[in-house]
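Please read the structure below before turning to the comments.
Residue numbers (full-length UniProt numbering): 1 to 190.
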């Protein structure tokens with residue numbers, strides 16, 4: 001006996017010829033629904049697609065890995081039921097080239113493929129978390145030094161009110177919190 005899908009889940013599985021975004025609570029069956037949708041597309045007798053023609057984007061590496069594994073497993077299961085199906089045999093090979101990735105990895109690949117259009121160094125790389133912390137700290141130090149050197153009355157009052165007596169640690173933490181908060185809004189409008 002197969003899985004009993006809800007009406008909304010079945011709509012996601014059956015919808016064709018358009019991009020979709022599936023958003024639902026954790027544990028609601030998103031991965032199972034998407035795997036079923038993909039397998040149905042791969043095994044469609046009239047218009048089968050190749051798995052490497054799809055773009056499947058998730059938020060975490062773990063979710064992308066799980067999705068790829070489930071799709072691979074579903075292809076293998078379909079092949080067991082229909083071992084002579086050449087299209088399914090091809091999918092079993094193509095799954096290794098499928099774009100099942102995180103949003104960050106996908107965006108990075110677009111940038112790498114089109115670096116010349118946006119005029120950036122082709123040897124660019126993404127910074128590690130530790131590097132980003134150091135850069136942030138250095139920029140904040142420079143900013144505070146510059147502000148102290150300008151001796152602007154408003155900044156000095158702000159610094160006296162919210163900073164520490166011996167160092168700017170409290171002030172830096174406050175600025176970093178405000179910065180992090182602002183990044184949670186589109187275009188930093190927070």
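Where is the CB? At the ideal position from N, CA and C, for every residue including glycine.
Backbone CA spacing between residue i and residue j [nearest angstrom]
i	j	result
residue 191	residue 166	Only positions 1 to 190 of the chain appear in this structure, which leaves residue 191 out of reach.
residue 155	residue 168	13 angstroms
residue 30	residue 62	14 angstroms
residue 27	residue 57	18 angstroms
residue 8	residue 59	22 angstroms
residue 191	residue 142	The structure shown does not extend to residue 191, since the chain spans only 1 to 190, so no value can be given for it.
residue 133	residue 180	12 angstroms
residue 127	residue 32	34 angstroms
residue 70	residue 139	44 angstroms
residue 13	residue 22	11 angstroms
Residue i - DSSP class collapsed to helix/strand/coil
i	result
residue 15	coil
residue 143	helix
residue 101	strand
residue 181	helix
residue 23	coil
residue 47	coil
residue 123	coil
residue 118	coil
residue 136	helix
residue 168	coil
Span of the alpha helix (DSSP H), counted from its first residue to its last, around residue i
i	result
residue 33	30–42
residue 3	Premise fails: residue 3 is in no alpha helix (DSSP H) and is neither H nor E.
residue 75	61–81
residue 93	86–94
residue 155	153–162
Integer Cβ distance of residue i from residue j, believed to fall under 8 angstroms
i	j	result
residue 39	residue 78	7 angstroms
residue 88	residue 75	6 angstroms
Segment limits, beta strand (DSSP E) that includes residue i
i	result
residue 56	55–58
The region 106–120 / the region 78–95 touching (three or more Cβ pairs under 8 angstroms): Verdict: no, contact absent.
The region 89–108 / the region 42–59 touching (three or more Cβ pairs under 8 angstroms): yes
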